[in-house]
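Working notes for the structure below.
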Amino acid sequence: MIRYWAGARAAAGVAEEWVAPGTIGELVAGAGERHTALAAVLPVCAILLDGLPVRSDVAVPAGAVVEVLPPFAGG
């Protein structure tokens, strides 16, 4: 599952979606293809796998949660 937060959620038009297994890079690329407005936001987003930062070559296990977090403003 991919969960989108804040501006990434607005750009994707959904809060979350189920996706086929793959690597982080494949899932993120697929999300950008499905949600064209999201493609512009993804390069500045932090990507987490089950709450931890992760590289794009890491495989996403079944049942895992990938979170897409854009930069947050505030203090």
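For the sequence shown, this note's numbering gives the first residue as 9, with consecutive numbering after it.
We put the CB at the ideal spot given by N, CA and C, even for glycine.
Quick caveat: nothing in here was measured; it's all calculated off a predicted structure.
Kindly indicate the opening and closing residues of the beta strand (DSSP E) around residue 74.
-> Here the question's residue 74 lines up with position 66 in the sequence shown. Here the beta strand (DSSP E) through residue 74 covers 74–77.
Within 7 Å, strictly: CB atoms of residue 68 and residue 9 | In the sequence shown, the residue the question calls residue 68 occupies position 60. In the sequence shown, the residue the question calls residue 9 occupies position 1. No; because the gap between Cβ atoms is not below 7 Å, this pair is not in contact.
The segment 43–53 contacting the segment 17–29, beta-carbon criterion three pairs below 8 Å | yes
Are there 16 or more other CB atoms within 10 angstroms of the CB of residue 28, so buried, or fewer, so exposed?
-> Taking the first residue of the sequence shown as 1, we reach residue 28 at position 20. So residue 28 ends up on the exposed side.
Do residue 14 and residue 61 have their C-beta atoms closer together than 7 Å?
-> Here residue 14 corresponds to residue number 6 of the sequence shown, with the count starting at 1. Here residue 61 corresponds to residue number 53 of the sequence shown, with the count starting at 1. The answer is no: Cβ separation not under 7 Å.
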